[in-house]
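Reading through the structure tokens given below for one structure.
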Amino acid sequence: MMSHNVWDLVEPYKITLIKGSKLNTEDTVVVRAGLFHGTELLCKPIMSPELPGKNDHLWSETFEFEIYICDLPRMARLCLSIYNVLDKTKNKKGNKASNPKYQTIKKAGKMHSPVAWVNTMVFDYKGQLKTGEHVLHSWSSFPDELEEMLNPMGTVRTNPFPENATALHIKFTEYPKISIYYPLFDK
């Protein structure tokens, strides 16, 4: 397998949101994705289409970020959050959205209330750009203050208890027969 320098890839960074499982909600859900370097948002976040509530959701939606792969920092992280989408006029009793502890986004007569989040590094520990399908088991707790309704300072480790965790199935872009590496620091 040949290896290439990430700085040679002048194309937008993309992932595919395949599906979500174990969401266990009756409300409509949406996934929000952002790229961060520390707490710095690298480009505009992307939101999936809204899907009606059920246990499993199938998106098969490609997210194309407004940043080129060659411009990604070595420690860039992909942050994903899942939200209930509630009609403000039909807010249900006992819902997290009615709890002031949870931050919400209100727009166009709808309220987005956090359900789960998960983060992953864009490059692995060897500096190789992640490719292929991954299942990310999410966390359900949210800090009080969130940047763009994402959790960039949260762990990049997926939930170690997958039997009860909401899972997001994503696919990083694949490059047949080549590995994409971030250059060594001394290069």
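Take 1 as the starting number for the sequence shown in the UniProt record's numbering and just add one per residue. Here a beta-carbon is modelled for each residue, glycine too, at the ideal position from N, C-alpha and C.
Next on the checklist: Assuming cysteine 70 and valine 10 are in contact, meaning their beta carbons sit under 8 angstroms apart, how far apart are those beta carbons, in whole angstroms?
Outcome noted: 5 angstroms
Next on the checklist: Between Val135, Asp124, Glu40, Met111, which has its C-alpha nearest lysine 171's C-alpha?
Outcome noted: Val135
Item to check | Residues bridged to glutamate 40 (per DSSP) | outcome: His37
Item to check | Inter-stretch contact at 8 angstroms, needing at least 3 Cβ pairs: the region 17 to 28 / the region 49 to 56 | outcome: With a cut-off of 8 angstroms, the region 49 to 56 and the region 17 to 28 count as touching, because enough Cβ pairs lie within range.
Checklist entry - For the beta strand (DSSP E) that contains phenylalanine 63, what are its first and last residues? => result 57 to 68
Next on the checklist: Taking the beta carbon of methionine 2 as the centre, do at least 16 other beta carbons fall within 10 Å, making it buried, or is it exposed?
Outcome noted: Methionine 2 comes out exposed.
Checklist entry - With a CB to CB cut of under 6 angstroms and the five nearest residues on each side skipped, what residues in its chain are close to proline 183? => result If we look at proline 183 and ignore the five residues flanking it on each side, its Cβ neighbours are Asn5.
Item to check | Beta carbon of threonine 120 nearer than 8 angstroms to that of histidine 137 | outcome: In this structure, histidine 137 does not lie closer than 8 angstroms to threonine 120 by Cβ.
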